[in-house]
Amino acid sequence: MFLFPLLMVEKKRQTMLSEIRKELEMNQKITTVNNLSYFIKEELKYYEYITHIIIDLEFIEEKGDEFLTSLKALVMATDVPIIIYAEGVYPGDMLLSEIARQGLANIIGETPKTLKQISRNKMQKDLREALIKSTADRRIGLREERQRRFDVTYIPVQKGNNNAIPNYNNCDLHLSIGLFGAMRRVGTTTYAIQLAEYFTARGAKVAFFSKNELTDGDLNILQETYKEETVSKGTYFTYRNIDFYFFGRVPENWGIYNVVINDYGTDTEQIDNWLSCHYRYIVSGFNETDIIQLMSLLETDKNDTKRLIGRDYRIAFNFGDPSMCGEQYRYLCSNLATSARITMNGFLPYKFNLPQWFLQTCDTEFENYRMYISNIKR
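Structure follows, in structure tokens:
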């Protein structure tokens, strides 16, 4: 087997790779260029005979969305398998999830709740496996259960009791949900609190974050209305086991929460923050005026940038029923991005003591996350 990978890695990682090199009797090239965009433009053309590109996230200069953009460009520029090495990064990391969703079949990350040396040994084993298996097709690589743990949106085949009620208590991972209103007064905060109530009912420790001052007004009303039952704790207050944080307040320990609900209101300045959440909802009404406003938001933002095209998001319609609004519903289905999903909530004006049908609807909606946790725990 001919192996000739190009290494874009920290110097301290080269010892581990040398061991694999001896075992597999492979050649290798090492580049000192740590800017992926520059590498594509100026260096890639000189590496015609490489069989893999191993990218160490710590080594690369670009971070976050900038790295993802450069990685997409690299995928388009070369046919060789790309291996992502992410020491110190665990399943649930948003960057690794985005990388997995680009279709890369080889992500080498840490194993949760494992001693550091054992985790690194597993990473070395995964790297060896990725080099061997992905020689012919970059879509082939690590066995699925190792690879798909990084994609928080992946829906695995469910095994066992399909009717089991989910329990998010003591889960290994943390879920962030962002809600953005297509316009005011369509129930964005109401739906956000309903989701917080759902996850609490299913055993999760939930934090609700107001991401704008207008939502603070709703939280003030909530706290005043139920003042006999709320507990003020300085930077936040607790009601029905949900911790509510006002705009600008952050917890001392993020790790205690299984689910974080972010209510961005209609603040278009925060669309990029909304896009960084695991699950993204746009909340809208369902009459003609609401639909026009919604489509305007989806097509462009204030800078005429089509940021939402091709992105995965859900559109939650409060107060709507597709059977009563067939024309608008058909229009939406024909014009939305293929990655968008429509969630119909009907009219649910209250935030707490949710009916059984709503809980079951949410069970289905978040089935992928529940099964993802189950796979990690095995």
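Under the numbering used here, think of the first position of the sequence shown as 868, with each following residue one higher.
The beta-carbon is built from N, C-alpha and C at its ideal position, and this holds for glycine as well.
Residue state for Val942 is assigned as helix, using DSSP reduced to three classes. Counting the other CB atoms within 10 Å of its CB gives Trp1141 a total of 16 or more, which places it among the buried residues.
Rounded to whole angstroms, the gap between the alpha carbons of Phe1075 and Phe1104 is 10 Å. Here the C-alpha atom of Ser885 lies approximately 29 Å from the C-alpha atom of Ala940. Inclusion of Ile950 and Ile922 in the CB contact set at 8 Å is warranted, their separation being smaller than that value. Each of Leu963, Asp946, Leu874 and Leu1062 was checked against the Cα of Gly931, and the nearest Cα belongs to Leu963. The C-beta distance from Thr1055 to Val942 rounds to 35 Å, too long to meet the 8 Å contact threshold.
Relative to Ala1049, the option among Ile1182, Tyr914 and Tyr1035 whose CA is nearest is Ile1182.
For Thr1105, the secondary structure class from DSSP, reduced to helix, strand or coil, is strand.
Per DSSP, the unbroken beta strand (DSSP E) holding Ile921 starts and ends at His919 to Asp923.
A distance below 8 Å separates the beta carbons of Asn1034 and Gly1070. Pairing Glu1136 with Phe1114 gives a Cβ-Cβ distance that is not under 8 Å. Asn973 has its alpha-carbon roughly 6 Å from the corresponding atom of Ala997. With fewer than 16 other Cβ atoms inside 10 Å of its own Cβ, Ile1032 counts as exposed. In terms of Cβ geometry, Phe1184 and Phe1225 do not form a close pair [threshold 8 Å].
The DSSP-derived three-state label of Tyr1131 is coil. If only complete runs of 4 or more residues are kept, the segment 1075-1125 shows the alpha helix (DSSP H) at 1080-1092, in order along the chain. Taking every protein chain shown into account, the CB of Val1098 has fewer than 16 other CB atoms within 10 angstroms, so this residue is exposed. DSSP places Ile975 inside the beta strand (DSSP E), whose first and last residues are Ile974 to Gly976.
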